[in-house]
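*Asks:* Each residue of the sequence shown is one higher than the last, beginning at 18 in my numbering.
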Amino acid sequence: MIPLLMACLGVLVADLLLDVVNQVHQQRHAAEVPAILADLLTPERVRRGQAYHRARTLLARSETLLCAALWLVFLFGGGLGRYDALLLAHWPALPMQGMVFACGLLALRLLVAAPFAWYRQFRLEERYGFNTMSRQLWLADAIKATLLALFFAGLAGAAFPALLLWRPDSWWLWGWTGLTLFSAALIWLAPWLIEPLFHRFRPLTQPDLLRSIQQLADTAGLAGARILSVDASRRSRHSNAYFAGLGRQRRIVLYDNLLNHFQPDEILAVLAHEMGHWRHHHLRYRFLWHALVTLAGFLLAQRLWLWGGLPGLVGLNTASPAAQGLLLLLLMHLAGFFLAPLGNGLARRQEWQADVFARHLTGRPDRLADALVKLARDNLIALHPHPWYVWFNYSHPPLVERLEALRDRNG
Numbered sequence: 018m019i020p021l022l023m024a025c026l027g028v029l030v031a032d033l034l035l036d037v038v039n040q041v042h043q044q045r046h047a048a049e050v051p052a053i054l055a056d057l058l059t060p061e062r063v064r065r066g067q068a069y070h071r072a073r074t075l076l077a078r079s080e081t082l083l084c085a086a087l088w089l090v091f092l093f094g095g096g097l098g099r100y101d102a103l104l105l106a107h108w109p110a111l112p113m114q115g116m117v118f119a120c121g122l123l124a125l126r127l128l129v130a131a132p133f134a135w136y137r138q139f140r141l142e143e144r145y146g147f148n149t150m151s152r153q154l155w156l157a158d159a160i161k162a163t164l165l166a167l168f169f170a171g172l173a174g175a176a177f178p179a180l181l182l183w184r185p186d187s188w189w190l191w192g193w194t195g196l197t198l199f200s201a202a203l204i205w206l207a208p209w210l211i212e213p214l215f216h217r218f219r220p221l222t223q224p225d226l227l228r229s230i231q232q233l234a235d236t237a238g239l240a241g242a243r244i245l246s247v248d249a250s251r252r253s254r255h256s257n258a259y260f261a262g263l264g265r266q267r268r269i270v271l272y273d274n275l276l277n278h279f280q281p282d283e284i285l286a287v288l289a290h291e292m293g294h295w296r297h298h299h300l301r302y303r304f305l306w307h308a309l310v311t312l313a314g315f316l317l318a319q320r321l322w323l324w325g326g327l328p329g330l331v332g333l334n335t336a337s338p339a340a341q342g343l344l345l346l347l348l349m350h351l352a353g354f355f356l357a358p359l360g361n362g363l364a365r366r367q368e369w370q371a372d373v374f375a376r377h378l379t380g381r382p383d384r385l386a387d388a389l390v391k392l393a394r395d396n397l398i399a400l401h402p403h404p405w406y407v408w409f410n411y412s413h414p415p416l417v418e419r420l421e422a423l424r425d426r427n428g
């Protein structure tokens with residue numbers, strides 16, 4: 018029991034130390050405007066961005082510490098054994114017990130997270146001028162998101178013991194195959210089944226911009242992609258755009274905030290970057306990466322299952338398949354902490370490739386630079402992240418590095 022407890026505490030402390038190092042570094046440079054942004058941002062804007070990032074980090078870490086404390090007490094204080102025994106007494110059928118086990122724990126987790134989510138939206142985001150969401154809309158979103166999360170958690174909770182009963186020797190292979198196929202289907206179906214539950218998507222109604230985007234898409238080899246706007250302004254003033262879908266189900270989606278506040282050339286530059294992800298097959302590579310990592314996780318889970326010592330890690334003599342599945346997820350989470358730098362490093366490399374593609378596609382790296390500056394200014398991006406924090410946590414290169422690279426290529 019002690020080794021697993023120490024591993025959990027070690028990962029938690031390491032994660033918090035990274036935050037502290039980053040916050041101290043940003044505070045030290047809070048009044049500094051990077052030279053490349055000297056004519057574009059004021060010291061006050063930089064300080065405001067640092068303060069916004071610090072407030073978000075403090076709130077997120079407060080939630081993390083509370084949840085971690087509750088989980089540690091539950092796992093190592095006897096709560097898991099009592100919860101497991103209670104459910105087995107009422108639901109002896111293992112798939113049903115697994116479903117109730119997963120949904121019950123997730124419901125408690127979401128209940129703890131709800132006050133933080135409310136404060137983030139109606140206090141923190143409101144304070145910095147980003148919130149546009151009504152309380153009724155927030156509640157509706159929360160209910161729909163909770164129901165979806167419980168559905169997927171229940172499905173996974175029932176599937177694990179069912180696979181153990183059906184294929185005790187090859188459950189890991191069937192589980193990985195099913196999860197991979199399900200993930201692919203979700204990528205395909207989410208734009209039609211899930212996203213419309215939260216957002217309204219409409220065809221772009223600005224004919225000149227639509228024509229320019231279609232021409233850019235044709236040049237990039239994305240002919241036939243649907244070009245849509247989404248009503249992000251109902252929830253926030255943050256701006257963004259993204260590319261989604263596989264095969265013939267490709268979609269280019271622009272936040273209405275982006276359409277309302279950015280110049281057409283800047284919008285085209287942002288979209289050229291997103292098209293670069295498609296041209297370099299980044300969506301496929303990311304899917305493949307996650308599939309390979311998941312396969313390694315299932316192989317490790319199989320070894321741990323055959324070992325038979327999972328209950329002993331939390332001081333139990335026996336545990337149901339659902340409880341042991343929870344312990345496997347905990348071990349995968351701990352392993353994932355050490356894989357984060359690799360995954361984020363690959364993601365940053367893809368962002369560089371998309372920037373280069375946008376430069377060649379538009380022939381105007383200055384417009385992409387302008388758009389990035391405006392996004393950073395409007396979204397209050399922190400400009401002085403610590404290099405260690407970037408290496409470990411950033412999926413995108415820091416803004417200043419991207420601007421310097423665009424300037425070099427432009428020159």
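Where is the CB? At the ideal position from N, CA and C, for every residue including glycine. In this text, all values refer to a predicted model and were calculated from it rather than measured experimentally.
Can you tell me which of A422, A339, W135 puts its alpha carbon nearest to the alpha carbon of A159?
*Replies:* Nearest C-alpha to A159: W135.
*Asks:* Out of F409, D395, Y406, A386, which one is the CA nearest neighbour of V417?
*Replies:* Of F409, D395, Y406, A386, the residue nearest in Cα terms is A386.
*Asks:* My guess is that H70 and A364 are in contact by the Cβ rule of under 8 Å, so how many angstroms apart are they, rounded?
*Replies:* Incorrect: roughly 19 Å between the Cβ atoms, too far for contact.
*Asks:* Taking buried to mean at least 16 other C-beta atoms within 10 Å of its own C-beta, is A340 buried or exposed?
*Replies:* Label assigned to A340: buried.
*Asks:* Taking DSSP as the reference, what is the three-state secondary structure of F260?
*Replies:* Note: F260 maps to strand in three-state DSSP.
*Asks:* Just confirm the distance between the C-beta atoms of I269 and A242, as a whole number of angstroms; I'd bet it's less than 8 Å.
*Replies:* The Cβ separation is near 5 Å, so the contact holds.
*Asks:* Going residue by residue through the stretch 208-236, where are the continuous alpha helix (DSSP H) segments of at least 4 residues, counting only ones entirely within it?
*Replies:* With a minimum length of 4 residues, no continuous alpha helix (DSSP H) run stays inside the stretch 208-236.
*Asks:* Using the Cβ count rule (16 or more neighbours within 10 Å means buried), how would you classify R426?
*Replies:* With a pLDDT of 49 at R426, under the threshold of 50, the modelled position of this residue cannot be trusted; read the value that follows with caution. Exposed.
*Asks:* Terminal residues of the continuous beta strand (DSSP E) containing R268?
*Replies:* Element bounds for R268: 268-272.
*Asks:* By the 10 Å Cβ neighbour count, where 16 or more other Cβ atoms means buried, how is D101 classified, buried or exposed?
*Replies:* Buried: at least 16 other Cβ atoms inside 10 Å.
*Asks:* When you compare the CB positions of L239 and W295, do they come within less than 9 Å of one another, or not?
*Replies:* Their beta carbons are under 9 Å apart, which means L239 touches W295 by this criterion.
*Asks:* The alpha helix (DSSP H) spanning S79 covers which residue range?
*Replies:* First-last of the alpha helix (DSSP H) with S79: 60-93.
*Asks:* Since A119 and G174 should fall inside the 8 Å C-beta cutoff, what is the C-beta to C-beta distance between them, to a whole number of angstroms?
*Replies:* With 8 Å as the limit, A119 and G174 qualify as a contact, their Cβ atoms being about 3 Å apart.
*Asks:* Let me make sure I understand the geometry here. Which of E143, A202, A166, M150 has the alpha-carbon closest to that of L128?
*Replies:* If we check each option's Cα against that of L128, A166 comes out closest.
*Asks:* CB S187 to CB A308, shorter than 9 Å?
*Replies:* It is not a contact, given that the beta carbons lie outside the stated cut-off.
*Asks:* Run the CB neighbour count on L26, radius 10 Å, all protein chains shown included, and call it buried at 16 or more, exposed below.
*Replies:* Exposed, since its Cβ has fewer than 16 Cβ neighbours within 10 Å.
*Asks:* According to DSSP, simplified to helix, strand and coil, what is N334?
*Replies:* In this structure, N334 counts as coil in the three-state DSSP scheme.
*Asks:* Name the residue from T197, Q114, L97 whose alpha carbon lies nearest to the alpha carbon of R301.
*Replies:* Ranking the options by Cα distance to R301, first place goes to T197.
*Asks:* Suppose you measure from the CA of L327 to the CA of L190; what does that come to, to the nearest Å?
*Replies:* Taking the straight line from one Cα to the other gives about 20 Å.
*Asks:* With DSSP run on the structure shown, which of helix, strand or coil describes V247?
*Replies:* It is a strand residue.
*Asks:* For H350, is the classification buried or exposed, using 16 other Cβ atoms within 10 angstroms of its Cβ as the cut-off for buried?
*Replies:* With fewer than 16 other Cβ atoms within 10 Å, it is exposed.
*Asks:* I need the DSSP call for S253, collapsed to helix, strand or coil.
*Replies:* If DSSP states are grouped into helix, strand and coil, S253 belongs with the strands.
*Asks:* Return yes when the Cβ of L285 is within less than 9 Å of the Cβ of R384, no when it is not.
*Replies:* In contact: R384 and L285 (Cβ atoms closer than 9 Å).
*Asks:* Could you please give me the residues that DSSP links to N148 through a beta bridge?
*Replies:* Paired residues: S253.
*Asks:* Roughly how many angstroms separate the alpha carbons of L420 and I53, rounded to a whole number?
*Replies:* So the alpha carbons of these two residues sit roughly 8 Å apart.
*Asks:* Taking a contact to mean a Cβ-Cβ separation below 9 Å, would you say L111 touches L347 in this structure?
*Replies:* No, they are not a contact pair.
*Asks:* Would you call F177 buried or exposed, if buried means 16 or more other Cβ atoms sit within 10 Å of its Cβ?
*Replies:* Buried, since its Cβ has 16 or more Cβ neighbours within 10 Å.
*Asks:* Can you give me the C-alpha to C-alpha distance between L29 and L83, rounded to a whole angstrom?
*Replies:* Approximately 12 Å, taken between the alpha carbons.
*Asks:* Does the beta-carbon distance from G380 to V310 come in below 9 Å?
*Replies:* In this structure, V310 does not lie closer than 9 Å to G380 by Cβ.
*Asks:* Using only CA atoms, which one of Q367, H377, K391, S79 lies nearest to P414?
*Replies:* Residue Q367 is the option with its Cα nearest to P414.
*Asks:* Looking at C-beta atoms only, is the number of pairs between the stretch 215-230 and the stretch 315-335 that lie closer than 8 Å three or more?
*Replies:* Contact between the stretch 215-230 and the stretch 315-335 is absent, because fewer than three Cβ pairs lie under 8 Å.
*Asks:* Please name the residue in L276, F260, R267, A234 whose C-alpha comes closest to that of D248.
*Replies:* The shortest Cα separation from D248 among L276, F260, R267, A234 belongs to L276.
*Asks:* Sort P338, L58, L345 by Cα distance to L317 and report the nearest one.
*Replies:* With distances taken between Cα atoms, L317 lies closest to L345.
*Asks:* Tell me, to the nearest whole angstrom, how far the beta carbon of S79 is from that of T149; I am working on the premise that it is less than 8 Å.
*Replies:* That pair is no contact at about 25 Å.
*Asks:* What is the DSSP secondary structure of V310, reduced to helix, strand or coil?
*Replies:* Here V310 sits in helix by DSSP.
*Asks:* Relative to the C-alpha of Y259, which candidate in P208, P224, G94 has its C-alpha closest?
*Replies:* Residue P208 is the option with its Cα nearest to Y259.
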